[in-house]
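Heads up, the thing below is written out as structure tokens.
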Amino acid sequence: MVKPRRLNIRVTDNMAKQLELEARLHGVSMTAIIETALERYFDDAKAETPELIVIRRLDRMDLRQASIERDLSISLDMLRHYIFYWLTRTEPIPDGDRDAAHALGRRRMDHFLAQIARNGSR
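All residue numbers for the sequence shown refer to the numbering used here, where the first residue is 1371 and numbers rise by one.
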């Protein structure tokens, strides 16, 4: 086993305080943090290029987009089933009441669309 070599480094007071805080928060030694930082600095394979950062971010966005699409598909399927159930279970309107029912339906639909437009403009 190789004995670790002791080095003395100089950092600003702010950097020293931040290093101490991070070591305490994560339950690791300051030496471990510095060694990890130096390994990343010297190892080109671990160094993150801007392209890799962008690719990783795009991958995360792609996963979120897929989740949103899945949720939207489920919501639309639920709405489809509800509408189908409502249409199959609603009794037909008698002939004498159809004109009044259509007028009421148009007013309700106009009110519904106005609410959607109002909520969509927020």
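Yeah, the Cβ is synthetic: ideal placement off N, Cα and C, and Gly gets one too. Predicted, not measured: the structure shown is a model, and the values here were computed from it.
| query | How many angstroms separate the CA atom of E1409 from the CA atom of G1397? | reply | Going from the Cα of E1409 to the Cα of G1397 covers about 19 Å.
| Roughly how many angstroms lie between the CA atoms of R1477 and L1428, to the nearest whole one? | As the crow flies, the alpha-carbon of R1477 is around 45 Å from that of L1428.
| request: Could you tell me how far apart the beta carbons of M1400 and A1393 are, in whole angstroms, since I believe they sit closer than 8 Å? | output: 5 Å
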